[in-house]
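Novice:
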Amino acid sequence: MELSNRQEKIINIVKENGPITGENIAEKLNLTRATLRPDLAILTMAGFLDARPRVGYFYTGKTGSELLTEKIKSFKVQDYQSIPIVVNEAVSVYDAISTMFLEDVGTLFVVDDHACLTGILSRKDLLRASIGTQDLNAVPVHIIMTRMPNITVCRKDDLLIDVANQLIGKQIDGIPVIKDTDKGLEVVGRITKTTITKAFVELITEDQL
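Position in the sequence shown (from 1) plus 776 gives the number in the working numbering.
1. Considering only their Cβ atoms, is the gap separating V853 from C930 smaller than 8 Å?
2. Determine the closest residue to I954 out of I896, F824, G945, with distance taken between C-alpha atoms.
3. According to DSSP, is G877 helix, strand or coil?
4. Can the beta-carbon of L1070 be found less than 8 Å from the beta-carbon of G798?
5. Would you grab the beta carbon distance between R923 and T894 for me? Rounded to a whole angstrom, and I think it's under 8 Å.
6. Tell me the residue span of the alpha helix (DSSP H) that contains P814.
7. Helix, strand or coil, according to DSSP, for Y870 in the structure here?
8. Relative to the C-alpha of A914, which residue among A866, L816, A827, L779 is closest?
9. Helix, strand or coil, according to DSSP, for V917 in the structure here?
10. Report the three-state DSSP secondary structure of G965 (helix, strand or coil).
11. Residues in the same chain with beta-carbon distance under 8 Å from I787, minus the five sequence neighbours each way, listed in chain order, please.
12. Give every residue of the same chain whose Cβ lies closer than 8 Å to the Cβ of L912, excluding the five residues on either side of it in the sequence, and list them in chain order.
13. Tell me the residue span of the alpha helix (DSSP H) that contains I937.
14. Just grab the DSSP bridge partners of I951 for me.
15. With which residues is L893 paired in a DSSP beta bridge?
16. How long is the line joining the alpha carbons of P829 and K791, rounded to whole angstroms?
17. How big is the Cα-Cα spacing for M821 and V964?
Structure representation (structure tokens):
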């Protein structure tokens, strides 16, 4: 976040005099309290300052990069998950390839009749199955998919940064967001490398406003 000259002055005043009231900050800058209110609100929401009733403003001691890191670490899966692209375990490899192409995704989640996760299909899985002379309409995806428990999953309350590390560490394109049910692990969303990219671009864009 790029601070204005006045906001920098406010931070310095609070550093040297905090805790200090908004009225006293305004007085030191020879401004009215109303003029200063938007700047104080921005600095407080951004995390540079904190405020306590009947006490005043004080400096948090955190730099812009530290605040940015804290914000990244607070992101949760539920705030960024997208609609999962699923196929039933009984569909053919041909149909799965068509779905992957039409949906423009790199990973398909395979589910049973209860919408619960049973496997995952990657581009490599489908490419490998396509090599040869077998009839792709006759091969069900459960024959070639990666099965549980060899699947990385996440839940809506997980931290996005942890899921990002899993995507990188395991060199996979997508992770299903699941919910525990009596029937099994219901697929309720997905997190992909594109999801992570969008989240960080959004963060940087907001930070520059």
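All C-beta atoms in this analysis are idealised placements derived from N, C-alpha and C, irrespective of residue type, glycine included.
Specialist: This is what the structure gives:
1. yes
2. I896
3. Looking at the sequence provided, one finds Phe at residue 877 rather than Gly. Taken through DSSP and simplified to helix, strand or coil, F877 comes out as helix.
4. Not covered by the structure: residue 1070. The range shown for the chain is 777 to 985.
5. 7 Å
6. 809-822
7. helix
8. A866
9. In this structure, V917 counts as helix in the three-state DSSP scheme.
10. strand
11. Answer for I787: L779, L819, F824, L825, Y835, listed in chain order.
12. S868, V869, Y870, I873, A905, S906
13. 936-946
14. Residue pairing by DSSP places I951 opposite I967 in a beta bridge.
15. V887
16. 18 Å
17. 32 Å
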